[in-house]
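Counting along the sequence shown from 1, when you hit position 192 you're at 198 in the numbering used here, and nothing is skipped either side.
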Amino acid sequence: MSFLTLDRLDKSFGGSPVLRGVSLAVEKGEIIALLGPSGSGKTTALRMIAGFETPDRGRILIEDADVTPLPPERRHFGMVFQHYALFPHLTVGENVAFGLAGRSAGKEETKRRPQRVAEALALVDLPGFADRRVGEISGGQQQRVALARALAPEPRVLLLDEPLSNLDPTLRERTRRELKSAIQRVGITTVLVTHEQEEAFQLGDRVAVLQDGVLHQVGSAEDLYERPATRFVATFVGRASVLPCVLEGDGAVWVPYPPGDAAGPVRWSAVRSPEAEGMKPGEEAALVVRPESLAFVAAGNPQALAGRVIERRYAGPVTYYQVALAPGGEVEVLAPSGAATVGDAVRVAPEPRGPAPRIFRRNR
Ligand code: ADP
Ligand code: MG
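So, in structure tokens, the structure goes:
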């Protein structure tokens, strides 16, 4: 059985739906990264798990206990907010102790507080920092103090809202690693909200993709990248081009551009996504293809589409080439650096080493 379950959560603000039937099962000790663009409902979902928002419908369960009616303090969840706002005039230790202060403490517990603070600081790899001033430590260290403050009361679930967004990019990557190892050391069940794919991939055991309040897919980074369930996931996670196409047979698609060299229609094979199940031959669809699933090919290739390179993005040994196709539309092609320059006439065909192009419905 799952440790934390979100069961068909709905929420509207002033008549506009913000979460629609969100269901998610989190295993004990698992780190779930909730990934979505700004405004997709991530913070609302997290605040609802914490108990700061009430769902219009649906339930939140810990093991099989329904915690939906419980106020935040009775859920025993720890939360690190987007703006983690430490008290600058207090010491690190006093800030962490603040995490314990909300609880009605007996004499024994109050006596144990300094020890709990020290333990929490050791967990985030800041032993001996209790007497330092918050203003004297780095941004990455402050982030870990906020984490220690959330962990000190030994919560059942840890909730993190964009925990690294206050840090500059160079610090972010290192702090990400430190954050992950601290969470793993504690072994705590965690839901982490982020709008950055890289962060979600690095921190999450599984990633849940949210758009407009709808949970599109929950899976490993590989699942999302290689087997996206919806067109939104296919284009939001990783780089991809979208081409109009017409279905032919079960998996093969017909790309409806006047062919480059071939005399007839160009056929590319592709995999149907779940949402394209039941579509019929002749129906218009959308083909989503990763840059590494395309290559430049020589004249005479019957699968080639003709085009011209309009832009390139150098990335060391490889370059991303933006190609305008002769009849309209653009694709991005990953090829060795030096394979082409801007203005070159090229031919583009599928490259079987990359994930297979996938078919989605057209109007989504
Ligand atoms: P995210 O964290 O993914 O950026 P949010 O959950 O903060 O998204 O917000 C999702 C949507 O809900 C936004 O359109 C936001 O304006 C709206 N929203 C969030 N909280 C409230 C609120 N308390 N009252 C009204 N609208 C809200
Ligand atoms: Mg948010």
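Just so it is clear, CB atoms sit at the ideal spot from N, CA and C, and this is done for glycine as well.
Predicted model, so just to flag it, every value in this text is computed and none were measured.
Exercise answer, beta-carbon shell around the ligand ADP heavy atoms below 5 Å: Any residue whose Cβ sits closer than 5 Å to a heavy atom of the ligand ADP makes the list: Phe19, Val24, Ser44, Gly45, Ser46, Gly47, Lys48, Thr49 and Thr50.
Closest by C-alpha distance to Ser226, when choosing among Tyr327, Glu204, Ser187 and Glu179: Numbered from 1 along the sequence shown, position 220 holds the residue referred to as residue 226. The shortest Cα separation from Ser226 among Tyr327, Glu204, Ser187 and Glu179 belongs to Glu204.
Closer than 9 Å to chain D by CB, Arg278: This model lacks chain D altogether; it includes just one protein chain.
Reduced DSSP secondary structure (H/G/I, E/B, other) of Phe381: Since the first and last residues shown for the chain are 7 and 370, residue 381 lies out of range.
Bridge partner(s) assigned by DSSP for Ser18: If you number the sequence shown from 1, residue 18 lands on position 12. According to DSSP, Ser18 bridges with Pro23.
Cβ-Cβ distance between Glu338 and Val329 below 9 Å: The residue labelled residue 338 in the question sits at position 332 within the sequence shown. The residue labelled residue 329 in the question sits at position 323 within the sequence shown. In contact: Glu338 and Val329 (Cβ atoms closer than 9 Å).
Those runs of the beta strand (DSSP E) which lie wholly inside the region 24-67 and span at least 3 residues: Within the region 24-67, complete beta strand (DSSP E) segments of at least 3 residues are found at 37-41, given in chain order.
Residue nearest to Ala341 in terms of C-alpha spacing, selected from Glu283, Ser299, Val294 and Thr60: Reading the sequence shown from its first residue, position 335 is the one you call residue 341. Between Ala341 and the set Glu283, Ser299, Val294 and Thr60, the nearest pair of CA atoms involves Ser299.
Contact set for Gly193: own chain, Cβ-Cβ below 8 Å, skip 5 residues either direction: What you label residue 193 is simply residue 187 of the sequence shown in a count that begins at 1. Gly35, listed in sequence order.
Meets three-Cβ-pair contact criterion under 8 Å: the region 56-73 and the region 7-15: Note that the region 56-73 touches the region 7-15; at least 3 beta-carbon pairs, one per stretch, sit closer than 8 Å.
Ile194 in three-state terms, based on DSSP: Mapped onto the sequence shown, residue 194 falls at position 188. In the three-state scheme derived from DSSP, where H, G and I count as helix and E and B as strand, Ile194 is classed as coil.
Alpha-carbon to alpha-carbon, Arg53 and Pro77: By one-based count along the sequence shown, residue 77 stands at place 71. By one-based count along the sequence shown, residue 53 stands at place 47. When rounded, the separation of the alpha-carbon atoms in Pro77 and Arg53 is 11 Å.
Any alpha helix (DSSP H) of 4 or more consecutive residues that is wholly inside the region 76-132: Listed in chain order, they are 98-107 and 113-129.
CA-to-CA distance, Glu289 to Gly257, given in whole angstroms: On the sequence shown, residue 257 is found 251 positions in, with the first residue counted as 1. On the sequence shown, residue 289 is found 283 positions in, with the first residue counted as 1. Taken atom to atom, the span from the alpha-carbon of Gly257 to that of Glu289 is near 13 Å.
9 Å Cβ cutoff met for Ala56 and Phe83: The residue you call residue 56 lines up with position 50 of the sequence shown. The residue you call residue 83 lines up with position 77 of the sequence shown. With respect to Phe83, Ala56 sits close: the two C-beta atoms are nearer than 9 Å.
With 16 other Cβ atoms within 10 Å as the buried cut-off, status of Gln121: Reading the sequence shown from its first residue, position 115 is the one you call residue 121. So Gln121 counts as exposed.
Ser247 - partner residues in DSSP beta bridges: Working through the sequence shown from its first residue, we reach residue 247 at position 241. Val295, per the DSSP bridge assignment.
For Glu79 and Phe58, the rounded distance between their alpha carbons: Position 52 of the sequence shown, counted from the first residue, corresponds to residue 58. Position 73 of the sequence shown, counted from the first residue, corresponds to residue 79. Distance between the alpha carbons of Phe58 and Glu79 is about 10 Å.
Proximity of Val259 and Ala276 at Cβ, strictly below 9 Å: The residue labelled residue 259 in the question sits at position 253 within the sequence shown. The residue labelled residue 276 in the question sits at position 270 within the sequence shown. Yes, the Cβ-Cβ distance between Val259 and Ala276 is below 9 Å.
Three-state secondary structure assigned by DSSP to Leu173: Position 167 of the sequence shown, counting from 1, holds the residue named residue 173. Coil at Leu173, not helix or strand.
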